[in-house]
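Each residue of the sequence shown is one higher than the last, beginning at 70 in the numbering used here. Ideal Cβ placement from N, Cα and C applies to all residues, glycine included. Presented below is the structure to which this report refers.
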Amino acid sequence: MGYDYFQEFLKIKEMDNGSRFWKVDLHLHSPASHFDFKNKDINEYEYVKKLIDFGYDMVAITDHATGEWIDKLKTAAKAFKNRGKGKIVILPGVEVTVNGIHLLIIFPEDKCTKDIDHFLSKIDIPPDVRGRDISHTTKSLVDVIDIAHELDGSVIGAHAHSNSGAVNGLSGQPRLDVLSRIDALEIKVDQENPDKTIKYVREDLGFSSMPFVRGSDAHDIDNLAVVPMWLRMGFCGFDALTQIKMEPYLRIKFHEPDDLLYPAILGLSTSGGIFKGTTFVFNENFNIIIGPRASGKSALIDLIRWSLDIKSLDPDGEKNLAHRIVCFLEGGHTVRLYVRGKDKRYYIIERTLDYNKDSHGKISFIQKPRILEIIEDCNEIIESNKCLSDVFELEVFGQGEVLELTKRAENQLKLIDEYIGASNLKSEEQSLLKELCDNSTCIVELKEKIEQLNQELENREPLEKRKKYLEEHLEHEIFKTHEFWQREKTFLEDVKNILNQWEEVVNSQDYYLPELNDWDIKNTPNPPTIDKAKNILNTTKDQLINYKIKQKEILDNSLIELQKLIVPWEQKFKIADDNYHNKLQELGFTNYKSLANELTKIKTKISTLNSKTLPLRNKYLEEYKCLQKERAELLEKLKHIRKQLSNKRKELAERLTNELENIKIEISEAANKETYFSFLEQLYAGSGISNRIEQLQKISNTISPQELAKLIIDRNIEEIIKLTSVTEKTAEKIVNYPSFERILELETIALDDNPRIMLKKVDEYDYTELESLSYGEKCSAILSIALLNKGKPLIIDQPEDEVDYNFVSNDIVGSICKMKDTRQLFFSTYNANIPVLGDADLVFKLKKCPGQILCKVEAQGAIEEPDIIKHLMMLEGGPEAFKKRSKKYGKTL
């Protein structure tokens with residue numbers, strides 16, 4: 070991929086990132102405890118190796134009245150370190166018995182056996198009894214403790230619950246004198262009920278700040294693996310014993326810290342720009358960014374939020390953020406965030422500056438964040454197509470953004486929803502809304518088809534009537550006899566035509582009769598015969614000529630007789646034919662064929678409507694019913710999800726009211742009508758409703774979206790007027806104007822819950838509504854909720870700009886202390902109270918490079934590191950903050 074992401078990832082994991090928990094045992098014995106250590110033949114190297122193998126980071130060697138093995142063990146530890154075989158800090162210590170009470174005296178790591186001997190001499194334990202069970206001092210407990218403190222030692226009351234301990238072994242004023250002087254009490258690993266001792270000392274005896282540590286008191290090499298304790302330290306060393314006195318609740322754990330692996334930003338690097346050459350490594354708990362003006366505090370926060378594409382709550386703030394990013398990364402540089410995601414895997418979120426600027430100077434970024442997944446087992450980096458919000462989320466409040474939260478109820482509701490983990494319910498809600506949208510599309514399309522088919526089916530009744538009408542008239546006598554009249558007409562015309570044809574035949578006959586040739590038959594033998602033959606021929610000719618004349622007469626007479634028949638018939642036919650055509654005209658036709666064709670077409674249409682259109686319409690109606698049923702179920706689920714969300718908000722509001730001092734939260738269910746009213750405004754824009762805003766407000770204030778949708782579908786104008794007191798014309802337009810699709814959309818509109826956040830002011834009994842509070846009070850109230858643990862990293866840029874001073878030193882610090890082990894925090898500040906009283910795990914001191922646009926890290930480390938203390942002391946309220954910290958639990962250090 071070009072850039073070596075994996076090497077940078079490994080570098081970030083290996084770099085020092087402030088304070089963490091280290092595995093510690095402050096009560097170990099060695100062979101120097103001559104009378105009761107079991108493994109007297111073990112050497113110092115075997116001993117140290119055993120400690121390293123068990124994973125210890127620091128131990129205190131506290132043999133009975135001797136420091137004989139201190140130098141040996143320190144030398145062995147140094148040898149292992151030099152050979153790269155492991156690191157362990159050996160604290161010089163000693164266990165002494167004073168009037169039957171056992172004390173552990175532990176000194177800084179630079180002390181040695183000689184210093185232990187010096188202490189033992191000071192408390193009158195002679196050399197010849199050191200390391201033996203008879204090595205007791207005659208000095209008082211108070212004297213021994215004071216001497217230890219004078220020599221920079223820390224005093225722990227060993228096995229406090231036993232008869233040789235400072236709690237059970239003493240009583241009355243002596244016990245109070247000792248407990249007020251010692252630095253901590255030890256409870257042993259095998260103690261059955263350590264909580265009982267802790268409660269007794271802190272609550273019953275009043276030593277609320279008393280640190281409790283746990284020691285194994287191991288006198289056997291095999292018992293070194295007994296469950297130890299863990300101390301939070303910026304660096305492993307004696308200073309931890311100073312820190313636990315100031316933070317006994319935050320710096321000590323009796324069980325191995327849970328590997329919660331909550332989402333966290335591990336590191337940040339850039340290819341150039343304002344932090345060119347700087348790689349930031351962050352603590353997984355509480356990070357502080359300090360520095361003078363223009364040192365890059367806000368720039369670092371801006372780069373983180375821009376890398377994750379987190380917008381500002383304020384539109385102007387978003388515009389300003391864009392311009393700042395361009396300045397910070399001018400030249401198209403890249404920001405890389407190394408994070409542990411929601412799924413506990415490691416990712417790189419990378420974004421490169423690439424932007425457009427319009428004529429008004431508005432900047433729009435072209436590239437979105439790119440997600441790379443780190444596969445540690447394979448030393449690979451792969452491109453990920455996961456959604457950024459599924460991989461990693463961050464809550465961030467830039468300068469002035471807390472105030473923005475006070476302005477809109479929806480933003481305040483988001484704060485609450487993030488705390489209750491509403492994302493699952495919100496996701497279900499969005500999924501249901503998507504299903505309802507798809508359902509709406511199907512319903513609208515099906516409704517249009519049904520309406521079209523219904524329009525076609527509306528013609529069925531008129532067609533049936535027309536069919537019946539035509540059929541009834543086609544049965545009329547006129548139409549029945551008309552055919553016979555036509556037959557008669559045709560017959561008569563046929564008769565006449567035949568006679569005419571005959572006449573033509575007769576007239577066309579050629580009656581030229583050939584004459585007999587001129588025969589010379591005078592001298593024939595049979596003249597009589599010849600004469601008779603001539604006579605026959607002549608007679609026949611005459612007869613034939615007479616027959617033709619008679620045929621013509623016959624035909625003429627027949628035609629005359631036929632005409633005599635036709636004339637009166639034609640008069641009757643005309644009357645019948647006129648009646649026939651008048652009837653056709655009455656029915657709207659010019660001829661009988663058209664009438665018959667029309668009837669046929671009507672029958673075909675009716676048949677199609679009955680056989681195809683009606684079944685299809687009925688099929689669609691069944692589908693429509695199923696969709697309506699499905700929609701009703703989806704709407705009920707949506708109602709249930711929203712009810713669940715409201716109930717969770719109410720439960721949280723009640724719980725937070727009990728937990729947050731001086732803050733009261735109430736949730737008014739479905740009381741926020743803004744979304745509903747905005748939808749109505751958009752829906753009825755252009756509807757022509759008079760006094761539209763006023764009329765729509767009446768509706769949104771009295772009828773829910775679902776009720777209104779039903780009234781519109783039912784076209785119940787009267788009920789709308791009755792419920793809302795709008796005018797009749799308005800009610801008509803409310804019903805008639807919107808499309809069916811928008812009415813279905815109206816069914817899904819939510820009435821948002823309305824949060825009421827109230828603050829009880831100092832010396833006041835009643836709570837004051839957020840709107841009536843001062844600027845600082847408003848921000849303090851909102852920030853109380855923002856600081857709740859939501860399982861995602863939180864960044865706040867200079868909260869002291871927006872809240873009251875007392876809120877910073879009390880409420881903010883208190884919230885930080887409660888959640889710093891379960892949520893990653895980033896605060897940019899110029900007020901020392903937040904890092905000092907909040908016990909910051911990692912502090913960055915930034916500075917601007919003279920004459921350059923670059924900023925760099927001047928110093929970084931845990932709060933107890935001297936260089937960091939120096940810079941914190943220079944902040945606003947620095948010295949006072951450290952004084953408060955030293956007196957935090959009523960103890961002056």
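Rounded C-alpha distance that separates Glu622 from Thr608: Thr608 has its alpha-carbon roughly 22 Å from the corresponding atom of Glu622.
Bridge-paired residues (DSSP) for Glu442: According to DSSP, Glu442 bridges with Tyr416, Ile451.
C-alpha distance - Thr799 paired with Gln764, whole-angstrom precision: Distance between the alpha carbons of Thr799 and Gln764 is about 8 Å.
At least three beta-carbon pairs within less than 8 Å, the stretch 764-783 to the stretch 850-860: Under the Cβ criterion (8 Å, minimum of three pairs), the stretch 764-783 does not count as touching the stretch 850-860.
DSSP state of Val198 mapped onto helix, strand, coil: If DSSP states are grouped into helix, strand and coil, Val198 belongs with the helices.
Residues of its chain near Asn823, where Cβ-Cβ distance is below 7 Å and the 5 sequence neighbours each way are ignored: Sequence-distant Cβ neighbours of Asn823 in its own chain, meaning closer than 7 Å and more than five residues away, are Ala478, Ser737, Ala740, Asn741.
Burial state of Pro904, where buried means 16 or more other Cβ atoms lie within 10 Å: Its Cβ being crowded by 16 or more others within 10 Å, Pro904 is buried.
Rounded straight-line distance, which links the Cα of Thr891 to that of Gln242: Counting only the Cα atoms, Thr891 lies some 41 Å from Gln242.
Residue of Tyr844, Phe748, Ala819, Met827 minimising C-alpha distance to Pro807: Cα-wise, what sits closest to Pro807 is Phe748.
Other residues of its chain near Trp299: CB distance less than 7 Å, five sequence neighbours each side excluded: So the list reads Phe90, Trp91, Lys92, Val93, Lys322, Glu325, Pro326, once near-sequence residues are dropped.
Among Asn900, Leu568, Tyr649, Asn679, nearest to Ser627 - alpha-carbon criterion: From the listed residues Asn900, Leu568, Tyr649, Asn679, the smallest Cα separation to Ser627 is found for Leu568.
Local conformation of Met827 per DSSP, three classes: Strand, per DSSP.
Cut-off 8 Å between Cβ atoms - residues of its own chain near Asp423, not counting five sequence neighbours on either side: Only Gly401, Phe434, Ile435, Gln436 meet the Cβ criterion.
Residues near Leu25 by beta carbon distance below 6 Å, same chain, minus five either side: Residue 25 lies beyond the range of the chain shown here (70 to 962); nothing can be said about it.
Local conformation of Asp866 per DSSP, three classes: Asp866: strand per DSSP, three-state reduction.
Rounded straight-line distance, which links the Cα of Cys511 to that of Asn493: If you take the alpha carbons of Asn493 and Cys511, they lie about 27 Å apart.
Helix, strand or coil at Tyr693 [DSSP, three-state]: Reduced to three states, the DSSP call for Tyr693 is helix.
Secondary structure, beta strand (DSSP E): runs of 3+ residues fully inside the stretch 81-128: Here the runs fully enclosed are 89-97.
Same chain only: Cβ atoms within 8 Å of Ala931, ignoring 5 sequence neighbours per side: Around Ala931: Gly87, Ser88, Met302, Gly303, Phe304, Ala909, Asp910, Leu911, Val912, Ile937.
Proximity below 8 Å, CB of Leu714 to CB of Thr817: No, these two residues do not count as a Cβ contact at 8 Å.
Check whether Gly467 and Asp132 have beta carbons under 8 Å apart: It is not a contact, given that the beta carbons lie outside the stated cut-off.
Beta-carbon separation (whole angstroms), Val804 vs Ile781, contact threshold 8 Å: Going by Cβ atoms, the distance from Val804 to Ile781 rounds to 5 Å, so yes, they are a contact pair.
Endpoints, the beta strand (DSSP E) within which Trp138 is located: No beta strand (DSSP E) contains Trp138, which DSSP labels as neither H nor E.
Per-residue burial, Glu498 [other beta carbons within 10 Å of its own, 16 or more giving buried]: So Glu498 ends up on the buried side.
Test item: CB-CB of Leu515 and Thr682 under 8 Å: Between Leu515 and Thr682, the C-beta gap is not smaller than 8 Å, which leaves the two residues out of contact.
Beta-carbon separation (whole angstroms), Arg199 vs Leu210, contact threshold 8 Å: At roughly 19 Å, the Cβ-Cβ gap does not stay under 8 Å, so Arg199 and Leu210 are not in contact.
3 or more residues per run - each beta strand (DSSP E) lying fully within the stretch 837-866: Counting only runs of 3 or more, we get 863-866.
Residues bridged to Met964 [DSSP beta-bridge criterion]: The structure shown does not extend to residue 964, since the chain spans only 70 to 962, so no value can be given for it.
Cβ shell of Glu750 (< 8 Å), same chain only, five flanking positions each side left out: Excluding sequence neighbours, Glu750 sits near Arg761, Ile762, Leu765.
Proximity below 8 Å, CB of Val926 to CB of Thr403: No; because the gap between Cβ atoms is not below 8 Å, this pair is not in contact.
Where the alpha helix (DSSP H) through Lys536 begins and ends: Start and end: 529-543.
Arg892 (DSSP reduced to helix, strand or coil): Here Arg892 sits in coil by DSSP.
Phe466: first and last residue of the uninterrupted beta strand (DSSP E) it sits in: In the DSSP annotation of this structure, the continuous segment of the beta strand (DSSP E) that includes Phe466 starts and ends at 464-466.
Ser737, DSSP secondary structure in three states: In the displayed model, Ser737 falls within a strand according to three-state DSSP.
Candidates Glu692, Asn727, Glu801, Ser500: closest to Ser756 by CA position: In terms of Cα proximity to Ser756, the closest of Glu692, Asn727, Glu801, Ser500 is Glu801.
Three-state class that DSSP yields for His133 in the structure shown: Three-state DSSP puts His133 in a strand.
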